[in-house]
Amino acid sequence: MDAPDRTTSHWTPRQRIIFLAALAPVLGSLVFGILGPRPQNVRAGTKRPGLAFDEYVVDLREVEPAARVPARFGFTNRSSETVTVKQLKPSCGCLNPHIVKKSFAPGESGEFYLQVWTANETPGPHEYTCRVLYEDSQPHEALLTFRLILPEDQVTVRPRALAVYQLSPKTTTYTITVTDFRAQRLNILGVTSSLEFVYAEPAELIMDRETGAIQHPITVAVSGDVPPGPHNGTLEILTDDDVHSRIVVPLRVIGPKAKTETLAKPDDARSETRTR
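Residues 2 to 277 in this note's numbering are what the sequence shown lists, from first letter to last.
Spelled out as structure tokens, the structure:
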């Protein structure tokens, strides 16, 4: 009777080592998948943020035509300590965030608003952010987002803000244009300035032949007697429109540097510098 066949392995020791090394990651993944990850302990000394916001993202999607679109951000102090809001830092100064109350006891709630003046922005989607810097026993920061889509047919003002250097003793003029893309046209009733050395008045309107929009140029004059330093203010455009009855344009005028003069004194005395 013939003897049974025997299978003889022809793997060398080196080949066995290479095979086991290649198989090890597969076996490790299988074991990890069965057992799952080990729970991680929270590091000692870490604290959860004290302020919990009702919404971290306010998405209004496409909004109805309006002169101003606000977004409310409410929050509650969930910690056991008093929380103080130190600063609101928006991605755009046009959002004009403002919070009246700054300190909040445990369990106390508060709110603030971001707002967009639609005439100062372009139609289409917009995304803004605001960083909220606050402290309990440690500094914290929260990032909030405001999204919206502005309609195509609306009223715009360009430039949306006016910043000028007035270093000349002569009056200089600039132009701001309010454009109405709607079928129902507005009329400008007047323009006021919060800065006494800036005045403005409407000029003759223009029709854009390509778009059919009505453009209202406004001449802005800055007098030559601007005091030294920067001056912040606004131009307020008043109209007869129900939606855009008031269009606000931020204004910044930078005047000349303060002049200094040195008064000479006798040799045995120090000179004196006087600022005018």
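For every residue, glycine included, the Cβ atom is placed at its ideal position computed from N, Cα and C.
Taking Cβ to Cβ, would you say residue i is nearer than 7 Å to residue j?
i, j, result
"residue 250", "residue 236", "yes"
"residue 1", "residue 223", "Given that the chain is displayed from residue 2 to residue 277, the structure contains no residue 1 and the question cannot be resolved."
"residue 201", "residue 195", "no"
"residue 132", "residue 102", "no"
"residue 182", "residue 154", "yes"
"residue 157", "residue 180", "yes"
"residue 244", "residue 68", "yes"
"residue 247", "residue 233", "no"
"residue 52", "residue 88", "no"
"residue 81", "residue 107", "yes"
Near residue i, which residues of its chain fall below 6 Å by C-beta distance, leaving aside the five closest residues on each side in sequence?
i, result
"residue 207", "216"
"residue 218", "176, 178 and 204"
"residue 188", "241"
"residue 199", "223"
Please return the same chain residues whose Cβ sits closer than 8 Å to the Cβ of residue i, not counting the five positions on each side in sequence.
i, result
"residue 57", "143, 144, 145 and 146"
"residue 257", "167, 168, 227 and 229"
"residue 212", "182"
"residue 214", "180, 181, 182 and 208"
Looking only at its chain, what residues have a beta carbon closer than 7 Å to the beta carbon of residue i, apart from the 5 residues adjacent to it on each side?
i, result
"residue 190", "239, 240 and 241"
What is the C-beta distance between residue i and residue j, in whole angstroms, given that I count them as a contact (C-beta under 8 Å)?
i, j, result
"residue 83", "residue 105", "7 Å"
"residue 178", "residue 148", "Actually they are not in contact, since the Cβ atoms of residue 178 and residue 148 sit about 28 Å apart, beyond 8 Å."
"residue 76", "residue 59", "Incorrect: roughly 13 Å between the Cβ atoms, too far for contact."
"residue 221", "residue 203", "Contact flag wrong, Cβ pair sits at about 11 Å."
"residue 70", "residue 117", "5 Å"
"residue 225", "residue 170", "4 Å"
TODO: Kindly confirm or deny that the segment 162-172 and the segment 126-143 touch, where touching means at least three C-beta pairs closer than 8 Å.
DONE: no
### Query
Is there contact here, the segment 113-133 with the segment 61-79, by at least three beta-carbon pairs under 8 Å?
yes
Do three or more CB pairs link the segment 109-116 to the segment 92-99 at distances below 8 Å? yes
task = May I have a chain-ordered list of the beta strand (DSSP E) segments no shorter than 3 residues that lie completely inside the segment 167-221?
result = 173-181, 189-194 and 199-203
Beta strand (DSSP E) segments (min. 3 residues) lying fully within the segment 122-164 = 125-136, 140-151 and 156-159
- Item | Segments assigned beta strand (DSSP E), at least 3 residues, entirely inside the segment 59-96 | 69-78 and 84-91
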